[in-house]
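Working notes, structure below.
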Amino acid sequence: MPRYDAKRIEEKWQQYWDEQNTFVTLNSPQAGSKGKMYVLDMFPYPSGSGLHVGHPEGYTATDIVVRYNRMQGKHVLHPMGWDAFGLPAEEHAVKTGTHPAVTTKENIATFKRQLKMLGFSYDWSRELSTTDPDYYRWTQWIFLQLFDTWYDVTCEWTGPDGAQRTGKGRPISELPIPENVVELMSKARTSSPSPPSGGEGRGEGANVASGMSREEAVRRYQDAHRLAYVSEAPVNWCPGLGTVLANEEVIDGKSERGGHPVQRLPLKQWMLRITAYADRLISELDNLDWPESVKLLQRNWIGRSVGAEVDFLVEGRGSKVEGEDNTLDLQPSTFDDWKQQRQASGFPATPEPNVLRVYTTRPDTLFGATYMVVAPEHPLVDQITTDAQRDAVNAYREKAALKSDLDRTDLAKEKSGVFTGAYAINPVNGEEVPIWIADYVLISYGTGAIMAVPAHDERDLEFAQTFDIPVIEVVESGSDEANIGFTGEGTAINSGEYNGLPTAEFKQKITSELNAAGLGRQAVNYKLRDWLFSRQRYWGEPFPIWHELDADGNPTGLMRADEPADLPVLHPHMEDFKPTGTPEPMLSKASPDWLYKTAADGTRLKRETNSMPQWAGSCWYYLRFCDNRNGEFFIDPELEKYWLPVDLYIGGVEHAVLHLLYSRFWHKVLFDRGHLTTAEPFHKLVNQGMILGENNEKMSKSRGNVINPDDVVKDYGADSLRLYEMFMGPLEQVKPWQMKGVEGVFRFLGRVWRMYVDDAADNVVLSDAVQDIPLTEEQERVLHKTIKGVTDDIERLAFNTAISKMMEFTNFFTGVSPRPRAALQPFALLLAPFAPHIAEELWALLGNADSLAYASWPEYDAAKTVEAEAEIPVQFNGKVRCKLRVPQNADKETMQSLAEQNPEVQKHLEGNSVVKVVVVPGRMVNFVVKPN
RNA sequence: GCCGAAGUGGCGGAAUCGGCAGACGCGCUGGAUUCAAAAUCCAGUGUCCGUAUGGACAUGUGGGUUCGAGUCCCACCUUCGGUACCA
2 MPRYDAKRIE
12 EKWQQYWDEQ
22 NTFVTLNSPQ
32 AGSKGKMYVL
42 DMFPYPSGSG
52 LHVGHPEGYT
62 ATDIVVRYNR
72 MQGKHVLHPM
82 GWDAFGLPAE
92 EHAVKTGTHP
102 AVTTKENIAT
112 FKRQLKMLGF
122 SYDWSRELST
132 TDPDYYRWTQ
142 WIFLQLFDTW
152 YDVTCEWTGP
162 DGAQRTGKGR
172 PISELPIPEN
182 VVELMSKART
192 SSPSPPSGGE
202 GRGEGANVAS
212 GMSREEAVRR
222 YQDAHRLAYV
232 SEAPVNWCPG
242 LGTVLANEEV
252 IDGKSERGGH
262 PVQRLPLKQW
272 MLRITAYADR
282 LISELDNLDW
292 PESVKLLQRN
302 WIGRSVGAEV
312 DFLVEGRGSK
322 VEGEDNTLDL
332 QPSTFDDWKQ
342 QRQASGFPAT
352 PEPNVLRVYT
362 TRPDTLFGAT
372 YMVVAPEHPL
382 VDQITTDAQR
392 DAVNAYREKA
402 ALKSDLDRTD
412 LAKEKSGVFT
422 GAYAINPVNG
432 EEVPIWIADY
442 VLISYGTGAI
452 MAVPAHDERD
462 LEFAQTFDIP
472 VIEVVESGSD
482 EANIGFTGEG
492 TAINSGEYNG
502 LPTAEFKQKI
512 TSELNAAGLG
522 RQAVNYKLRD
532 WLFSRQRYWG
542 EPFPIWHELD
552 ADGNPTGLMR
562 ADEPADLPVL
572 HPHMEDFKPT
582 GTPEPMLSKA
592 SPDWLYKTAA
602 DGTRLKRETN
612 SMPQWAGSCW
622 YYLRFCDNRN
632 GEFFIDPELE
642 KYWLPVDLYI
652 GGVEHAVLHL
662 LYSRFWHKVL
672 FDRGHLTTAE
682 PFHKLVNQGM
692 ILGENNEKMS
702 KSRGNVINPD
712 DVVKDYGADS
722 LRLYEMFMGP
732 LEQVKPWQMK
742 GVEGVFRFLG
752 RVWRMYVDDA
762 ADNVVLSDAV
772 QDIPLTEEQE
782 RVLHKTIKGV
792 TDDIERLAFN
802 TAISKMMEFT
812 NFFTGVSPRP
822 RAALQPFALL
832 LAPFAPHIAE
842 ELWALLGNAD
852 SLAYASWPEY
862 DAAKTVEAEA
872 EIPVQFNGKV
882 RCKLRVPQNA
892 DKETMQSLAE
902 QNPEVQKHLE
912 GNSVVKVVVV
922 PGRMVNFVVK
932 PN
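Numbering (the working numbering), first residue to last: 2 to 933.
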């Protein structure tokens with residue numbers, strides 16, 4: 002009794018595909034190729050718990066697209082690999098002592114077995130893992146590219162894609178060195194520097210203040226401009242995980258993974274200057290075929306705002322601190338002198354020591370500024386605070402420093418702050434405004450200081466109300482809305498000569514006037530921060546960087562990169578994977594022969610002991626798949642040109658910001674450096690929706706609603722799992738699992754099986770009902786409609802409706818006997834992308850010798866998909882009252898007269914007069930009537 | 001708070017361009033087959049009124065545009081996801 006036996010069929014064909022190398026893809030197109038198609042899944046982290054039902058959702062979708070396109074003659078690239086660095090394997094090592102590499106290898110084996118079990122048509126010869134030394138050799142190489150690159154903001158150039166751009170990543174050797182570099186860098190080592198963007202380039206142990214050679218100064222200057230740089234900034238140190246985390250990995254003051262508390266600590270860390278690419282990361286989103294919501298998410302994350310920087314002179318009173326050289330050099334002692342001087346000098350790159358620079362997006366509200374706020378960490382605080390306020394200010398600063406970001410947000414309900422005792426002078430009207438410190442102003446955004454306009458900013462208003470600060474309204478809402486608290490655009494009031502100007506015009510006017518007066522300038526700011534790129538763990542890529550040591554073995558702050566030929570930098574051998582318990586990286590426990598070496602010039606060197614974050618490996622894996630065995634280069638430029646960009650990329654929304662932003666950033670750097678010809682990596686992006694448990698909740702062990710794909714395959718087979726995951730609903734939608742639904746598609750496959758196979762026979766043979774007979778007109782129509790429907794649905798990724806159309810076909814043809822082979826043959830091909838195992842089996846039963854993987858996709862004749870006659874509704878005042886049969890191609894007049902002749906219609910027309918008749922050819926007739 | 005997505009039978013969902021709402025599947029009801037069951041096959045299945053032909057009401061709520069609205073416009077409600085003092 003050869004019933005539908007999924008297990009037998011699936012094992013048979015999986016073995017066949019393996020043995021025949023059916024899905025191995027050469028880099029040169031096959032004869033008659035209809036063009037390349039690169040379809041990619043977001044590769045998984047191979048966790049110890051194996052595949053989750055969420056994985057096969059996206060993977061089945063891409064597999065359908067890929068199998069379909071192969072049959073359409075496309076040259077298809079569809080690879081799979083492993084994002085295998087990361088904490089879990091290392092935490093397992095801490096507990097058991099098993100090397101993370103061993104655990105990783107085992108987990109990969111499990112994942113691979115599971116993926117093969119589901120019949121995905123990956124080209125396994127292109128498999129890679131981010132943990133392979135052959136792979137991370139090139140991750141390290143790309144890091145060296147970042148290290149070797151500075152961003153030339155003004156460079157205008159045309160890329161290999163033909164597009165014109167301003168701004169380019171260029172070799173560090175081409176960085177112009179300023180004349181006074183020695184002076185500049187000597188100063189930077191002793192005082193706190195403020196280089197172009199971010200707080201990079203802080204000097205090392207400031208005991209060698211002077212006597213810097215030009216060569217050293219140049220190196221330090223270059224280091225301060227690299228895309229990969231070292232910064233000592235407050236970071237999110239997580240004692241529970243023993244590592245530093247990126248801002249994005251901290252949620253509500255706890256680590257995203259594990260929920261451990263996170264503290265702020267100043268630490269020396271590697272940063273990547275992603276902010277340099279902020280504008281291009283926004284503007285080049287435009288031409289991508291991505292969900293608008295994801296583009297918006299990225300735009301918001303980057304958070305570009307255009308506003309103005311405005312300088313406020315701090316009033317001279319009380320600005321002395323006891324002790325050393327703190328005499329504020331108030332050369333232009335009066336506001337008028339200062340303005341005059343600025344008129345002559347223009348707006349300086351860095352303001353004088355007695356000037357407070359603020360950033361605002363609403364320069365049109367300058368007349369409404371009633372106080373200033375500087376962040377507690379702002380360097381000017383010490384200098385401007387009056388003696389009377391000093392204790393209060395210091396106490397507040399200490400409290401703020403101890404607060405984590407969580408505390409700051411938690412206390413957000415209550416605005417807090419302290420008056421510094423100092424006043425600034427509003428450059429537009431010479432009014433004195435008090436300067437406060439408050440933690441609702443962040444040091445890391447803009448200039449770390451604001452002018453507060455309580456009338457037109459929620460936060461400022463709240464603060465002003467708490468501390469009884471005057472509120473001056475300067476924008477008229479122009480509607481019922483009260484002016485106070487109105488944050489939109491309106492018309493200027495109480496703004497002197499500017500009264501009556503609309504917001505936009507006012508902004509433009511005052512910005513250019515401030516600029517002309519040397520008091521302000523237009524400025525752009527981003528929410529996006531530079532990317533904190535180092536971690537303190539063992540199981541990540543080591544950095545290919547050495548630190549120079551002085552005679553006492555202390556780091557000088559100067560660095561050397563490994564030669565590309567010396568890559569990869571392998572991990573040191575370790576027995577003990579326990580974290581150091583301090584922010585000191587794990588790799589610092591390595592043996593001295595890994596940690597130290599002496600350079601050819603005799604300099605003692607110590608290896609960088611941080612490791613790269615998990616994001617590093619996933620930033621470029623899509624490139625390596627094109628050329629995964631290349632020992633000479635990370636990708637053959639010809640292959641990049643051929644395969645890239647990825648035509649379809651499917652994965653979860655959780656990567657909408659980080660992974661996709663980081664990848665795009667690296668891609669653009671490599672593009673700027675001439676290694677790539679495409680400016681963007683992923684042309685079309687689709688996010689699959691999450692699969693919930695049967696109870697409509699997220700699947701989790703604690704809720705006990707986790708579905709294991711292994712069990713589903715055991716009970717129903719891979720084809721049923723694939724089919725069900727696609728039948729559940731639209732790919733992008735969140736949807737709950739229903740085991741009854743799996744049974745439904747399993748029954749469907751059983752019906753398909755019996756449509757071909759004689760299940761009463763002893764062997765698997767074609768049913769006697771399947772015969773070489775011509776199709777009836779109706780059968781032909783059903784066939785062609787099905788081919789058209791399934792084809793169109795696959796093209797628009799509507800797999801659920803494609804499946805329902807195949808169900809309709811099956812419902813129709815199981816009721817037909819004898820069944821023409823000419824209908825069943827193409828149907829097996831239609832089914833193949835969805836349920837490839839049973840399709841191959843039926844294809845073979847029909848007498849085909851080869852796999853259907855490269856068989857031609859069935860074609861349809863549009864003329865054969867429609868009936869000669871159509872049944873259309875006849876409406877009266879928009880309500881369907883009866884049906885009418887009309888020729889498919891009938892024109893309006895014919896349809897109307899056919900309708901009018903119909904006795905049923907005439908009955909409805911009785912006693913009414915026709916006002917109007919609406920006819921849509923081939924669809925409907927509507928009589929608009931009025932009772933007589 | 002802000003941003004985004006979505007609300008259609010008992011359930012998952014369909015309706016691609018403003019034109020027969022509920023395709024397809026699940027569940028349920030009845031029947032066939034069977035000693036019985038499983039499996040399979042056939043029929044029915046939005047709600048209400050009616051024996052019935054038929055009719056009324058129905059796509060979160062309230063308005064609007066239109067000959068005609070699940071689909072377009074306005075206001076609101078609910079759910080889910082993201083985000084959090086970014087000046």
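The C-beta atom is built at its ideal place from N, Cα and C for all residues, glycine as well.
inquiry  = From the DSSP secondary-structure annotation, give me the bridge partner or partners of S271.
reply    = Per the sequence shown, residue 271 should be read as Trp rather than Ser. Note: W271 sits in a beta bridge opposite V231.
message = Less than 7 Å between the beta carbons of I485 and V374, yes or no?
response = no
inquiry  = With a threshold of 6 Å on Cβ separation, who are the neighbours of T111 within its own chain once the five nearest residues in sequence on each side are excluded?
reply    = G51
task = Could you give the DSSP three-state label for Q332: helix, strand or coil?
result = Its pLDDT being 49, under 50, Q332 is placed unreliably in this model, and the coordinates cannot settle the point.
key: Environment of A617 [buried if 16+ CB atoms lie within 10 Å]   = Burial of A617 is indicated by the presence of at least 16 other C-beta atoms within 10 angstroms of its C-beta.
Range of the contiguous alpha helix (DSSP H) that encloses A21 = The question names Ala, but residue 21 in the sequence shown is Gln. Unbroken alpha helix (DSSP H) run through Q21: A7 to Q21.
request  = For L462, collect the residues of the same chain with a Cβ closer than 8 Å to its Cβ; drop the 5 residues on either side in sequence, then sort them by chain order.
outcome  = P455, A456, V472, I485 and G486
task = Compute the distance between the beta-carbons of A189 and Q344, then report whether it is under 7 Å.
result = no
key: Inter-stretch contact at 8 Å, needing at least 3 Cβ pairs: the stretch 886-905 / the stretch 815-822   = No, the stretch 886-905 is not in contact with the stretch 815-822.
key: Integer Cβ distance of T276 from R530, believed to fall under 8 Å   = 7 Å
Residue range of the beta strand (DSSP E) that includes I438 = E433 to I438
ask   = Is the CB-CB distance between D720 and L767 below 7 Å?
value = no
request  = Starting from I873, follow the beta strand (DSSP E) in both directions and report where the run begins and ends.
outcome  = According to the DSSP assignment, I873 belongs to the beta strand (DSSP E) that extends over E870 to F877.
message = In the DSSP assignment, the alpha helix (DSSP H) including E779 goes from what residue to what residue?
response = E778 to E796
request  = Whole angstroms is fine: what's the gap from P57's alpha carbon to I436's?
outcome  = 58 Å
query = In terms of residue numbering, what span does the beta strand (DSSP E) encompassing A450 cover?
reply = A450 to A453
query = In or out: Q146 buried (at least 16 other Cβ within 10 Å) or exposed?
reply = buried
inquiry  = Can you list, in chain order, the residues of its chain with a C-beta nearer than 6 Å to that of M729? Leave out the 5 residues immediately preceding and following it.
reply    = K736
message = Taking the beta carbon of V525 as the centre, do at least 16 other beta carbons fall within 10 Å, making it buried, or is it exposed?
response = By the C-beta density criterion, V525 is exposed, having fewer than 16 other C-beta atoms within 10 angstroms.
query = Can you list, in chain order, the stretches of the beta strand (DSSP E) that have 3 or more residues and sit fully within the stretch 350-382?
reply = Complete beta strand (DSSP E) runs here, min 3: 356-361 and 372-375.
ask   = So, do the stretch 17-26 and the stretch 114-129 have three or more beta carbon pairs nearer to each other than 8 Å?
value = yes
task = Closer than 6 Å by C-beta to P614: which residues in its own chain qualify, once you throw out the five before and the five after it? Chain order, please.
result = R536
ask   = Across which residues does DSSP place V766 in a beta bridge pair?
value = Bridge partners of V766: none, in fact.
Of the residues D648, P710, K8 and Q689, the one placed nearest P682, counting alpha carbons only = D648
request  = Output the distance between the C-alpha atoms of S425 and V359, rounded to the nearest integer angstrom.
outcome  = Looking at the sequence provided, one finds Ala at residue 425 rather than Ser. Distance between the alpha carbons of A425 and V359: 11 Å.
key: DSSP state of A402 mapped onto helix, strand, coil   = helix
Local conformation of D42 per DSSP, three classes = strand
request  = To the nearest angstrom, report how far apart L825 and L41 are at their CA atoms.
outcome  = 32 Å
message = Residues in the same chain with beta-carbon distance under 8 Å from E53, minus the five sequence neighbours each way, listed in chain order, please.
response = First, the amino acid is wrong: residue 53 is His here, not Glu. Closer than 8 Å at the Cβ level, and outside the excluded window around H53, lie M700, V707 and P710.
ask   = Is W754 helix, strand or coil by DSSP?
value = helix
key: Simplified DSSP assignment, three categories, for P573   = coil
inquiry  = Going by C-alpha to C-alpha distance, which of T63, L228, E12 and S187 sits closest to D673?
reply    = L228
query = Does DSSP classify E325 as helix, strand or coil?
reply = In this prediction, E325 scores a pLDDT of 38, lower than 50, which makes its location untrustworthy; the coordinate-derived value is nonetheless stated afterwards. If DSSP states are grouped into helix, strand and coil, E325 belongs with coil.
ask   = Any idea what DSSP makes of L462, helix, strand or coil?
value = helix
task = Leaving out five residues on either side along the sequence, give the residues of the same chain with a beta carbon under 6 Å from the beta carbon of Y650.
result = L41, F683 and L686
query = Leaving out the 5 sequence neighbours to the left and right, which residues in its chain are closer than 6 Å to V442 when beta-carbon positions are compared?
reply = V374, A376 and I451
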